[in-house]
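To convert, take the position in the sequence shown, counting from 1, and add 32; that gives the working numbering.
Structure first, then comments.
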Amino acid sequence: GAAGDLDVLSADDPTLRGLRLPSPPHRVSPRPFDLDVPLALIRVGPVAGDTCAEEAFGNATAYAGRLVVVEAPSQRVTSVGRLARVLAAQGAAGVATSYTDAWHGAANGRMAVMWGVTDRAIAEEGGAPVPVVDISSPESRRLVAALAAGARARARVRPSPNPWDSLSHAPSAIFMQALVLAVVALALETSALRLVQFLASAPPARWSLPTLVIALHSASLVLRLAQWASSPYGAVSGRVVTEVALVILALAAFTSHVGTALFVSYFARAASRSGLASHDLALGARASAVVASTAALTAAFLVFVLATWGLDAGCATGVRPTEAHVIVAFTAFTVLFPAVLVAASAWALHAVSRQRDLSAAAVRPRVERHMRMSILCTFLGVAAGLLMLVSSSLEAVTAVYPLYPIAMAAMSLAQSDAFSPPSGAPLRGPLHRLASALASALACAASR
Numbered sequence: 033g034a035a036g037d038l039d040v041l042s043a044d045d046p047t048l049r050g051l052r053l054p055s056p057p058h059r060v061s062p063r064p065f066d067l068d069v070p071l072a073l074i075r076v077g078p079v080a081g082d083t084c085a086e087e088a089f090g091n092a093t094a095y096a097g098r099l100v101v102v103e104a105p106s107q108r109v110t111s112v113g114r115l116a117r118v119l120a121a122q123g124a125a126g127v128a129t130s131y132t133d134a135w136h137g138a139a140n141g142r143m144a145v146m147w148g149v150t151d152r153a154i155a156e157e158g159g160a161p162v163p164v165v166d167i168s169s170p171e172s173r174r175l176v177a178a179l180a181a182g183a184r185a186r187a188r189v190r191p192s193p194n195p196w197d198s199l200s201h202a203p204s205a206i207f208m209q210a211l212v213l214a215v216v217a218l219a220l221e222t223s224a225l226r227l228v229q230f231l232a233s234a235p236p237a238r239w240s241l242p243t244l245v246i247a248l249h250s251a252s253l254v255l256r257l258a259q260w261a262s263s264p265y266g267a268v269s270g271r272v273v274t275e276v277a278l279v280i281l282a283l284a285a286f287t288s289h290v291g292t293a294l295f296v297s298y299f300a301r302a303a304s305r306s307g308l309a310s311h312d313l314a315l316g317a318r319a320s321a322v323v324a325s326t327a328a329l330t331a332a333f334l335v336f337v338l339a340t341w342g343l344d345a346g347c348a349t350g351v352r353p354t355e356a357h358v359i360v361a362f363t364a365f366t367v368l369f370p371a372v373l374v375a376a377s378a379w380a381l382h383a384v385s386r387q388r389d390l391s392a393a394a395v396r397p398r399v400e401r402h403m404r405m406s407i408l409c410t411f412l413g414v415a416a417g418l419l420m421l422v423s424s425s426l427e428a429v430t431a432v433y434p435l436y437p438i439a440m441a442a443m444s445l446a447q448s449d450a451f452s453p454p455s456g457a458p459l460r461g462p463l464h465r466l467a468s469a470l471a472s473a474l475a476c477a478a479s480r
């Protein structure tokens with residue numbers, strides 16, 4: 033065999049003979065290792081009562097001296113380190129995970145680079161007591177099906193290289209990370225300078241809704257910048273535990289969603305009542321409902337994230353989500369909420385375009401331009417969220433995952449820049465000047 037992989041050495045099922053599966057180790061696994069052992073199987077369904085995979089073992093005597101193949105949705109295996117400890121206590125020689133969900137089941141090694149706070153703590157204590165590898169792939173289902181049918185097999189298991197380890201330092205990933213950081217930094221620079229101008233102005237502009245909108249988008253951009261500077265691609269990069277990555281994603285989206293709801297409400301009400309030049313702090317009943325609904329929905333998802341994964345994710349939390357729960361929640365946060373905001377923004381743009389107040393004539397074209405840009409960027413964010421749901425391969429994740437923060441940062445930039453400062457010209461920083469110079473150079477090159 034190769035310098036790695038799970039190689040089936042013998043089996044009474046002829047379909048398994050010669051089967052070779054990649055077997056990259058999980059982060060908590062000891063290494064190196066070289067096992068030559070019989071195989072056993074644990075199958076954990078998505079809703080197997082009130083138990084996690086660690087508790088769904090059946091006949092414990094069947095695992096002694098064997099490599100235990102655990103087939104389960106990834107959300108049911110809350111800690112591979114804890115799973116390895118429990119099985120090792122029953123005599124198991126090792127553990128091989130085979131995930132069944134769409135996100136991870138076809139992407140060998142993806143879950144092996146991700147870990148939660150429990151597994152990180154186990155790694156700091158010396159790691160799992162037995163080797164833990166990931167064999168998830170379409171081919172692994174053939175092995176699982178044969179073992180479930182009663183086949184007996186023996187395999188040699190050695191650590192395989194994991195292609196997902198390259199996600200944080202591959203040239204393509206580094207380029208996409210730099211692109212995300214550049215766009216987010218540009219948006220943050222513009223938003224922060226505009227916030228400074230509003231806070232330095234006299235009331236009522238200082239404590240107006242525009243100030244709050246810009247502050248929310250600035251906070252969202254700070255979170256996105258911190259995430260992509262320290263742990264690009266979030267938990268998939270392996271640099272940060274899953275719980276932290278999810279909370280940062282949820283907080284960044286929460287602040288931008290609420291900021292967008294306020295942005296839409298402000299301009300719709302200004303257009304219908306007092307002119308676009310107003311800096312009114314109050315919200316009408318309809319606008320308040322939009323903001324309250326957005327805040328409640330996004331806060332509900334944030335609570336879901338905290339309750340599900342918490343600071344000690346797993347069986348101890350009493351929350352065991354299925355794949356469907358997580359996909360529905362992720363879809364709501366990255367697709368459904370922004371789609372609703374796109375519709376609300378289109379309605380607000382229609383209201384602004386019908387504004388006939390003479391005091392708004394000078395600012396209406398600029399506001400409409402920024403609102404259209406906001407709608408476009410939010411729509412692109414929705415599209416990116418949909419693509420993230422179906423991206424399982426390393427190449428797809430590398431290309432698709434950066435599109436979401438880029439679209440959301442561009443949306444924040446469009447909304448923050450839509451507000452003219454109460455006094456003086458808008459402040460522009462070095463990143464804005466550099467971006468303008470590059471855009472002019474590209475335009476000149478394209479016109480030749």
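No residue lacks a Cβ here, since even glycine has one placed at the ideal position from N, Cα and C.
With 16 other Cβ atoms within 10 Å as the buried cut-off, status of residue i
i, result
"residue 382", "exposed"
"residue 460", "exposed"
"residue 471", "exposed"
"residue 260", "buried"
"residue 479", "exposed"
"residue 462", "exposed"
"residue 289", "buried"
"residue 114", "buried"
"residue 142", "buried"
"residue 47", "exposed"
"residue 42", "exposed"
"residue 58", "buried"
"residue 158", "exposed"
"residue 190", "buried"
"residue 269", "buried"
"residue 156", "exposed"
Residue i and residue j closer than 9 Å at C-beta
i, j, result
"residue 257", "residue 213", "yes"
"residue 208", "residue 366", "no"
"residue 199", "residue 435", "no"
"residue 252", "residue 224", "no"
"residue 187", "residue 116", "no"
Helix, strand or coil at residue i [DSSP, three-state]
i, result
"residue 273", "coil"
"residue 103", "strand"
"residue 506", "The structure shown has nothing for residue 506, since the chain only spans 33 to 480."
"residue 62", "coil"
"residue 404", "helix"
"residue 204", "helix"
"residue 36", "coil"
"residue 109", "coil"
"residue 132", "coil"
"residue 162", "coil"
"residue 294", "helix"
"residue 52", "strand"
"residue 57", "strand"
"residue 449", "helix"
"residue 148", "coil"
"residue 197", "helix"
"residue 96", "coil"
"residue 457", "coil"
"residue 126", "strand"
"residue 350", "Because the pLDDT at residue 350 is just 39, under 50, the model does not fix this residue reliably, and the point stays unresolved."
"residue 432", "helix"
task: Would you be able to state if there are at least three C-beta pairs under 8 Å between the stretch 185-203 and the stretch 50-59?
output: yes
message: Threshold first: 3 residues or longer. Then list the beta strand (DSSP E) segments lying entirely within the stretch 215-243, N to C.
response: none
Cβ contact (3+ pairs, closer than 8 Å) linking the stretch 199-218 and the stretch 62-79: no
message: Check whether the stretch 169-189 and the stretch 96-111 are in contact - that is, three or more C-beta pairs closer than 8 Å.
response: yes
query: Counting Cβ pairs, one atom from each stretch, are 3 or more of them under 8 Å apart for the stretch 444-458 and the stretch 230-244?
result: yes
message: Check whether the stretch 418-432 and the stretch 396-408 are in contact - that is, three or more C-beta pairs closer than 8 Å.
response: no
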